[in-house]
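Visitor:
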């Protein structure tokens, strides 16, 4: 499985791409959450709001990578994620959940495209030994354990709020 994943990654990744591996983490016992993006030895990690969903942490990880890539102005950006749900959420024409996060991410993607950058998002299998993905997973877990929330994720939808 690892070899197949590595071959698929090599096929879709252009040689001069800025490559990011991203992941989110939710500790089911404590409710603490975190998001991370890894690129060329740089680790972008943020503790997110308690009790975020896995999807929210994955979307925040995508946002972290895109913000970093936008700032660096790399011509081609490749994001590898093990979150099918995150990729599917970004493809919804009229999302009902996580609208704020999705809208923010789509806005960043538009800004990136406007400055001539190309972004590709690619699904990869999780926990098959892909080093970048394993590093992002570990970084997201560390971020979830950080003492201070750095990014408050909005609630998925108003009806899901409980007080």
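Residue numbers (the UniProt record's numbering): 1 to 163. Even glycine gets a Cβ: it sits at the ideal position worked out from N, Cα and C.
1. Closer than 7 Å by C-beta to residue 54: which residues in its own chain qualify, once you throw out the five before and the five after it? Chain order, please.
2. Looking only at DSSP bridge pairs, what is residue 80 linked to?
3. Kindly list the residues whose CB is nearer than 6 Å to the CB of residue 37, restricted to its own chain and excluding five residues on each side of it in sequence; keep chain order.
4. Let's test the definition: count the other Cβ atoms within 10 Å of the Cβ of residue 117 and tell me whether it reaches 16, buried, or not, exposed.
5. Please classify residue 80: is it buried, with 16 or more other beta-carbons within 10 angstroms of its beta-carbon, or exposed?
6. Excluding the 5 residues preceding and the 5 following residue 33 in the sequence, name in chain order all residues of the same chain whose CB lies nearer than 6 Å to its CB.
7. Can you find the residues in the same chain that come closer than 6 Å, C-beta to C-beta, to residue 126, ignoring five residues on each side of it along the sequence?
Guide: In terms of the structure at hand:
1. Beyond the five residues adjoining it in sequence on each side, residue 54 comes within less than 7 Å, by CB distance, of 24 and 26 in the same chain, given in chain order.
2. BP columns for residue 80 point to 21 and 122.
3. Excluding the 5 residues flanking it on each side, residue 37 has same chain C-beta neighbours closer than 6 Å at 20, 22, 44, 61, 64 and 65, in chain order.
4. Flag for residue 117 reads buried.
5. With 16 or more other Cβ atoms within 10 Å, it is buried.
6. If we look at residue 33 and ignore the five residues flanking it on each side, its Cβ neighbours are 26, 48, 52, 57 and 144.
7. Excluding the 5 residues flanking it on each side, residue 126 has same chain C-beta neighbours closer than 6 Å at 82, in chain order.
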